[in-house]
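Just so you know, we're using my numbering here: the sequence shown kicks off at -3 and counts up by one.
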Amino acid sequence: MADLLSDEEIEAQLPDDWERDGDEIVRTYEFDEYLDGIGFAAGAGGVAEDAWHHPEMTIGWCEVEVRLTTHDAGGITENDIDMAGRLVVSMYRRGVTPRPFQPPKQGYFRAGPKRVTTTTTSPTSQRTSSGRV
-3 MADLLSDEEI EAQLPDDWER DGDEIVRTYE FDEYLDGIGF AAGAGGVAED
47 AWHHPEMTIG WCEVEVRLTT HDAGGITEND IDMAGRLVVS MYRRGVTPRP
97 FQPPKQGYFR AGPKRVTTTT TSPTSQRTSS GRV
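Structural data, given as structure tokens:
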């Protein structure tokens, strides 16, 4: 089992654009195209399998959030720092260049799937001149 890194070691070794979130390191990659993110996630899966160290990945619209921690150690180890670096190298080898992540602006709303809404009316409002519905 790998040894946990100290807070100082984590901060010193944390790759660019990665942040610490409790017992995990996290990075959100943004892409111009949805399928670029899917391709990145697929490639990251291969890298993770080779290293036998698997991140949690959440795929969204044109973005992929990657979270790394060493579960059996209960926190961040050298394995997580190493995997973060491997993912960056893998991404550039695939020719996929993410945009720098920018948190949404206040009031920003990213539209999801279109939802159909219906307005219901009472039967009395649908009556014809004859009084029938």
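A virtual CB, placed ideally from N, CA and C, is assigned to each residue, including glycine. Computed from a predicted model, the values in this text were never measured in an experiment.
query, result
"Contact check, Arg23 vs Ala47, beta carbons under 8 Å", "no"
"First through last residue of the alpha helix (DSSP H) which encompasses Met140", "Here the chain comprises residues numbered -3 to 129, so residue 140 is not present and cannot be evaluated."
"Span of the alpha helix (DSSP H) around Asp3", "Asp3 to Gln9"
"Sequence-distant residues of the same chain with beta carbon closer than 7 Å to Ala(-2), five excluded per side", "Thr66, Ala69, Thr73, Glu74 and Asn75"
"Exposure label - Val85; buried when at least 16 CB within 10 Å", "exposed"
"Which residues DSSP lists as bridging Asp17, in chain order", "Glu20"
"Alpha-carbon to alpha-carbon, Tyr30 and Glu7", "31 Å"
"Runs of beta strand (DSSP E) lying entirely within the stretch 25 to 76, each at least 3 residues, in chain order", "52 to 56 and 59 to 64"
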